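Below you'll find the structure, written out as structure tokens, and then a few comments.
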Amino acid sequence: MKIHLLVAALLATIISSGTSAASTGGVNNANTEQSNEDPLGLRQLPQDESFAACILIMDDNHRLIEWLAYHYHTMPLRRVIVMIDPRSKTSPLPVLNRWEKYMKMDLWSDNDLFTVEELKDRADKEMIKNHRSRQRAFNVKCLTTLKEEGAKWTLMTDVDEYTRINPRALDSSEGIYQTDIAPMQLSEPGSILKMLNKGVDLNDERLHAQEWKACIPVSRVQLSGTESSDEEV
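The opening residue of the sequence shown carries number 844 in the working numbering; numbering runs sequentially from there.
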């Protein structure tokens, strides 16, 4: 399992910023009816007060269950577009349907990204080339879709990666120390977005990768099932 440490208190893998609005709905694909039920009002956060996410998965239901719950609480995540790899043997719909009352979700396949002619052409290409081109096409369409919807923040990640606040951003001896932000616990709902909104300077050149001013990459920490000894730490 991997956990992202938020570089300068910012977010996992890549984050893209846009404009703000609001949105509701349910899991949406050709095999499901869209639900507008939101009995607790949990989906109706303005998009400048919530996160969206683009995720590409293959047989990751066992990870998706905890990933959705964790990011729903910490980000807070309220909009998800899921792209399923055509090699998948299982569907994520049973997991996604659990959340349809609490966030808006779409489930995409290759048919949502490519034309009939492109799909025929892809049949003759190597698997790795198809995967990389699918990932590029999905990222572009997902980000474009969410921007058109008015998403403010979008998380680009995998479901074995968890976003958290980087403790280095709260350590005065570190180069990415954020002077205007008080420490915040992940147990607090929406802690990640609250930290972003409490004084993080998005114009800080240390937060961006080269010319990608709209995107913020973050560091990554690998975790294993074996706990480190005190000497190793």
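The C-beta atom is built at its ideal place from N, Cα and C for all residues, glycine as well. The model shown is predicted, which means the values in this text are computed figures rather than measured ones.
Excluding its 5 nearest sequence neighbours in each direction, residue 954 has C-beta neighbours in its own chain below 8 Å: 962, listed in chain order. If you draw a 10 Å sphere on the C-beta of residue 1066, you find fewer than 16 other C-beta atoms in it, and that means exposed. Contact check for residue 1034 against residue 1008 passes: the beta carbons are separated by less than 9 Å.
Residue 948 is positioned such that its CB atom lies closer than 9 Å to that of residue 923. In this structure, residue 1003 places its C-beta atom within 9 Å of the C-beta atom of residue 903. Counting along the chain, the unbroken alpha helix (DSSP H) around residue 1037 starts and ends at 1034 to 1040.
Looking at the DSSP output, residue 925 shares a beta bridge with 898, 950. At the C-beta level, residue 895 and residue 997 come within 9 Å of one another.
For residue 918, the secondary structure class from DSSP, reduced to helix, strand or coil, is coil. For residue 981, same chain residues with a beta-carbon under 8 Å away, outside a window of 5 residues either side, are 897, 899, 926, 951, 956 in chain order.
Taking a contact to require three or more Cβ pairs closer than 8 Å, the stretch 1015 to 1024 and the stretch 903 to 921 do not qualify as touching. Pairing residue 990 with residue 1072, the inter-Cα distance amounts to about 45 Å. Just so you know, the alpha carbons of residue 1030 and residue 964 end up roughly 48 Å apart. Every alpha helix (DSSP H) stretch that sits fully inside the stretch 970 to 1035 and reaches 4 residues is listed by chain position as 970 to 992.
Annotation for residue 932: 902 place their beta carbon closer than 8 Å to its own, counting only its chain and skipping 5 residues before and after. Contact check for residue 938 and residue 971: beta-carbon distance about 27 Å, past the 8 Å limit, so the pair fails to qualify. Between the alpha carbons of residue 1069 and residue 906 lies a distance of about 19 Å.
Residue 966 sits exposed, since fewer than 16 C-beta atoms from the chains shown fall within 10 Å of its C-beta.
Rounded to whole angstroms, the separation of the alpha carbons of residue 921 and residue 1024 is 24 Å. When DSSP states are grouped into helix, strand and coil, residue 965 belongs to the helix group.
Per DSSP, residue 906 has no beta-bridge partner at all. By the neighbour-count criterion, in which 16 or more other beta carbons inside 10 Å mark a residue as buried, residue 943 falls on the buried side.
Sorting 912, 1013, 892, 973 by C-alpha distance to the C-alpha of residue 930 places 973 at the top.
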